[in-house]
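To keep things clear, I will list the structure first and then write my remarks on it.
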Amino acid sequence: MVRNFEVPFYTPISCSDRSTKICQLENGVLALLVSDPTDTLASCSLTVATGSHNDPSEIPGLAHLCEHVLVASGSKKYPSGNHYHELIAHNGGSHNAFTTGENTTFYFELPAINDRDELVFEKTLDAFASSFNCPIFTDTVINREIYAIESEHNVNKASVNKQMYHAIRLLANTRHPFSRFCTGNFETLTSLPLLHKKSVKNSLAAYFKAFYRPSNMTICIRSSHSLNALTKLLVTHFGSDVVGEGPGSALSRPSLRPSTSSRSKISENKCPVSNFKLAKKEWGPKYADLNAFTSHTNVIVINSTRSSIMRLVFPLCHKSTRLSAAAMMNLSRAWCNIFGEESVGSLADRLRTQNFITSMTSSVSEFATGEDGLILELGLTQLGWRNVAAVLKILFDEYIPLFIHDRTESLAKYLSDINAIDLLKFLYQDTEISPMELCAEYSTRMLLNMEALKPECLLMGSPILDCNRPESPIEEFAGSAESKTWWIGQAIMFQNFISEFVNRQNLRLALLGDYSTSSFVNLMSSFGQTDPYFEFEYYKASIDMFDVPNFDAPLRTYDYDMPRYGKFLPSAGRSLNLIKTALEASSTRAQDASLSLVAQRGLIQTAPRLVRKSSTCEMWVKEEDLDLSFRSKTMTSFEIISKAIPGSPSNTMHLEILGQLMAASLSAELYPAEKIGYTYEVFSSTKGDVRLGFTVTGFPEGVLTLIIMIIGRLTTMTKLEAVSRTMFRQARVAVRTRYEDASSENCAALATLGLLIMLEECMWSVEDRVEALEEIDIDSFRAFCNRFLSQPIYLNLFIQGDLVSADSIYDFLASELTTQSQNGSECFVKEPVARPLVPGTNYFIRHEGSSQDPNNSIVYFIQTGDREDTRIFTLTSLTEYIFSVTLVPDLRIKKQIGYAIFGGLRLLSTTVGIHITCMSVSPSKYLEVQINEYLSYMELQLLGTMTEDDFRKLYVNKFEMMCKRNTGNELQTTAGPADVMGQIEANVRSGNVSEQGYCMRMHKRIRQQISARRYNFDVDSEPIDANMLKTLTLKQYMSFFREKISIYSHRRSKLSIMVESPMSVEKISQKRLFLQIETYLKVKGLRISKPELEKIVQASHGNQQRLLKDLLKHFISNGETLKVCSLALKEVFKTLLSSVKPNTGASESSSLHEMNRKVSTAIPPVQITDLNTFRRSTVTHTR
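Going letter by letter, the sequence shown gives residues 55 to 1237 in our numbering.
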């Protein structure tokens, strides 16, 4: 039996063709079904109300391990562990999972294609559901996934965000599970269980049996199926006799099919959806009266060479306030809007004018059920890092009293404006890029307190205020006297909320930066510590926030003010009643969507059209009359391309400084537009030539206003005296800081960027750019700016969506930019090209990574030919598909060489190739050997033993189906983006660009194609030769493979970019040994100071006998009993020996030699030692 709930969901216009239903199965599973007839993908997500807060104290990371093992081990129905993954890989889908403190979510998506008349989605659903019914936990898979988690954690250790979040854990109540390390690593999942005599396999089975219950689960399924068809799929695969049985072992529990009485009870229970509070019901009794933050320890400082960060956390304990859960959600959202405001008159603008911050973001984080945190994160300048106390003074002594408490009526109007804007943004929001990500969001959201969230607000993610309901008489602040009074009441409630929670006593402060210049470190009376999991050094202490040290920067006077939204608001956004009416109409349309006939999105697409063309500009447009996602939306991109100034590192840096100056000048002024939903980007060319690009999107009546403001500021900046020396110096520092941050990126990102630098004609190296930046002064900058707009330029213009303002935009840009001084002689725009690798090359280059990153990486690139060659492109794309099926299973699952492994198509300006990218703690040279082995296996064992029929059945036919449905781009989820240059983020952009979905992705793709003069608008990159695929034989494909890809080919063109951690293997091993021993000694109750233990570990040089002897000597001399001490130490070292990880390439001298005996390339590898010499040589070969 299925219980259906009638819920009139609030729905954005872009999704009003979708039918949505919430229901409950008789086993207790709560489900959301979404029928979207335009979908080309089918997706599913399942969330369980259990997570790392249920980890046993002896096995941190067990919940995360269960997430990894559950869908990888197989089940009683599908004993083959890889069945679920293979189904997804073979059909061009993708999958993921994540574990939080209280939830574990699994999700996947697939192209909506058939395989011999059987829906692939149904087969995958069956395999997916079977993982939650009698899973098989095997030792092999458990051990394999422990190594995967170790690799994942090594990646996390280099992430600043992960470090900062862990720092907040270190400030939490040590009795609360939030305070614990939750990811898990090799030590916590092998060594600690051994010390505590715990079986990981049995613990996993017990964990699954205890917490993976149907009543704990929520599911979201979405596809183009009808709601009735989706309901049948739900019952078939997740019904009472299918989900919820324990592992296939002695710990297996009986089926959770309800008894007759319980089934009757469910059918008769008329409780509304608002009664569901799954997370609260599950976690409330476990936490009882335990609070996440009770400790007086309120400051932590992490020592780091990276850009300084200040994170302020204000814990919200729902049990300690009279406010309702819904009120807390609404007030927290208002806090995010107000404290995160960046317009003129805001806290962020105040701190920027003082030169204290480079960025500021606000957010709400859920630490546990009933325990949230208001987060304010500041990117600090060097001056700001030295004056943390001044930042706190501005917040607590200026902003809160002057802006929040002294201006009740202004605050009321502000809250009214924010409310209308939030509704407007929801109403006109873009559709998402990934359906499965949205499914995961929905299934997680269904665990929340539905009484507070309100079921009709499920798609919104937060409850709406009472004034937004259709029957409410309350309008915007100025709408009526009653409305004004109501909004003043809301302002007073917000002021009380701030007084209660946003104060010095409730502050937890996490800082990341250089110890030596931090005044806060001087206040720490405690010793510095090293975190055993993230291995960062930190100080932690309790500081009286009313008695922080003095600061040395004089504070300027500042006038706080409310943001000015008026000139950017569309007419519909000026009246709350109009917005409510539009929202009600959209929601009503969605309720009747099942009765409508809707075409799939691909069938209603129009092609971009060239409507104007001259020697100075071209204009393209694309109408979107039938696509609801573009309702009341105009997207405009244009490029200003210099036809006279050549590309060079210095000219690229001039453009970046110009963009930074525009950001400093415009960001606060444009922030009200960003808040309403407009976006803007300013970007210099990724190709290295002299071009400045812009993208502006939003409501049609405001896009032209933004463009006029941006171009007006650009022309002002290019005037000789417009930029002061102080402005120039700050912009140059900001650009340099961004490059310093970029050099601290993870090693895989650095290696990918390195490939572009090596092979793109005008892609300058970071070293060249920084050197050019140092040589630029204000005089050379002014001279460049004067030349940029006064000399001949070419304008690319592309407008998409609502074209009501298209002609006005063209006329304005043409008059402002192309009517200036143009030479009489014709100048042509020369597009940069890629440097093709010469056939018969096997290059590699090594580069040092970030000092904070313990990982190594490799981008192994094989050039296959010219990008314009349709045959080559088609065969390379087919190779990408084969990679998607075989690469991860071989390198990550079987060989376990690293956690981050992906491979596929790589497009350069004029060439195409295939790449394999890997990040691991193993040396990059070892990774190259493993990739060579994989390619040899692929050629000799996989393809070499395959029949023609199998080749077509396994690869060609399925690849053809994906191409027909135009879902080949879905491979990018496992291969990474094919066109990396097109994915490089703009230097200057509004903060909401990353939140955009399908429309922005499509617009940027077409923008990139127009910019590169590649007009294949119906595909993501280049067209596939469908006729060739129909007749392609294995023999023909192998001919291509053996020439272009095979390691045994004498004509292959290959280049590897290796980024290696500067940390030595010995140093990493010694540090980890110290942290392991420190942890184990604490478990056994043996205490030793950090300096003394470090001294003993260093003196041992890895010799365990000497280490044991010196530790024994130390403890006996400090009064420990010989027998007890000896037994404890022997147990510690027994654990260390039994948990030693096998060598995965740590020694280049031995294991690499053995690997090289197995396979050797036909062309010996040649190291590139001088980048610029190589670049010049490839140019020579090209010519």
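The C-beta atom is built at its ideal place from N, Cα and C for all residues, glycine as well.
At the C-beta level, THR1227 and MET1082 stay beyond 7 Å of one another.
Around the beta-carbon of GLY903, 16 or more other beta-carbon atoms lie within 10 Å, marking it buried. Nearest C-alpha to ASP743 among TYR953, ALA1066 and GLU775: ALA1066. Taking ILE1101 as reference, the option from PRO1219, SER1143, MET1016 and PRO1077 with the minimal CA-CA separation is PRO1219. With 16 or more other CB atoms across the displayed protein chains lying within 10 angstroms of its CB, GLN714 is buried. Within the same chain, Cβ atoms closer than 6 Å to the Cβ of THR584 are found at GLU591, the five residues on either side in sequence being excluded. CA-to-CA, the gap between LEU478 and GLU163 works out to about 30 Å. Secondary structure note for GLN784: its alpha helix (DSSP H) is the uninterrupted segment 779-797. Separation of THR964 and PRO1031 (C-alpha to C-alpha, rounded to the nearest whole angstrom) is 16 Å. Cα atoms of ASP1003 and ASP1072: separation of roughly 31 Å, rounded to the nearest angstrom.
About 4 Å separates the Cβ atoms of VAL327 and PRO509, confirming a contact at the 8 Å cut-off.
Here DSSP, grouped into helix, strand and coil, assigns THR642 to helix.
With respect to the 7 Å criterion, ALA647 and SER73 are classified as neighbours on the basis of their beta carbons.
Annotated three-state conformation of ILE811 is helix, per DSSP. For PRO165, the uninterrupted beta strand (DSSP E) segment begins and ends at 158-165. Taking MET218 as the centre and dropping the five residues before and after it, the same chain places the C-beta of ILE363, ARG365, ALA564 and LEU566 closer than 7 Å to its C-beta, in chain order. Note on geometry: alpha-carbon atoms of MET1056 and ASP93 lie some 16 Å from one another. Counting other Cβ atoms within 10 Å of its Cβ, THR1001 stays below 16 and is therefore classed as exposed. By the neighbour-count definition (other C-beta atoms within 10 Å, threshold 16), MET55 is an exposed residue. Counting C-beta pairs with one atom in each stretch, the segment 381-400 and the segment 461-480 have three or more that are closer than 8 Å, which means they touch. For the 7 Å CB-CB criterion, THR770 and ALA776 form a contact.
Beta bridge pairing from DSSP links PHE692 with PHE748 and LEU851. When the five nearest sequence neighbours on each side are left out, the beta carbons in the same chain lying within less than 8 Å of the beta carbon of LEU849 are those of THR670, CYS671, GLU672, PHE692, GLU693, ILE694, ILE695, LEU867, ALA868, LEU871 and THR872, in order along the chain. In this structure, SER938 is the residue among SER938, LEU961 and GLY967 with its C-alpha nearest to the C-alpha of ILE955. When only Cα atoms are considered, ARG618 and ILE472 end up about 12 Å apart. Taking the Cα of GLY998 as reference, the smallest distance to any Cα among SER129, TYR1091 and PRO1077 is reached at TYR1091. Taking 7 Å as the cut-off, the Cβ atoms of LEU774 and ARG836 count as close. Checking the DSSP bridge columns, you'll see CYS972 partnered with ILE912 and ILE955.
By the C-beta density criterion, GLU678 is buried, having at least 16 other C-beta atoms within 10 angstroms. Using a Cβ distance threshold of 7 Å, CYS371 and ASN345 count as a contacting pair. DSSP places PHE1013 in the helix class (H, G or I) of the three-state scheme.
Using a C-beta cut-off of 8 Å, the segment 915-932 makes no contact with the segment 108-120, since fewer than three inter-stretch Cβ pairs fall below that distance. LEU664 counts as exposed, since fewer than 16 other beta carbons sit within 10 angstroms of its beta carbon. Every alpha helix (DSSP H) of 4 residues or more that sits fully in the segment 696-779 is shown, in chain order, as 703-730 and 754-771. Here the segment 450-457 makes no contact with the segment 412-427; the two share fewer than three CB pairs at distances below 8 Å. Excluding the 5 residues flanking it on each side, PHE480 has same chain C-beta neighbours closer than 7 Å at PRO66 and MET514, in chain order.
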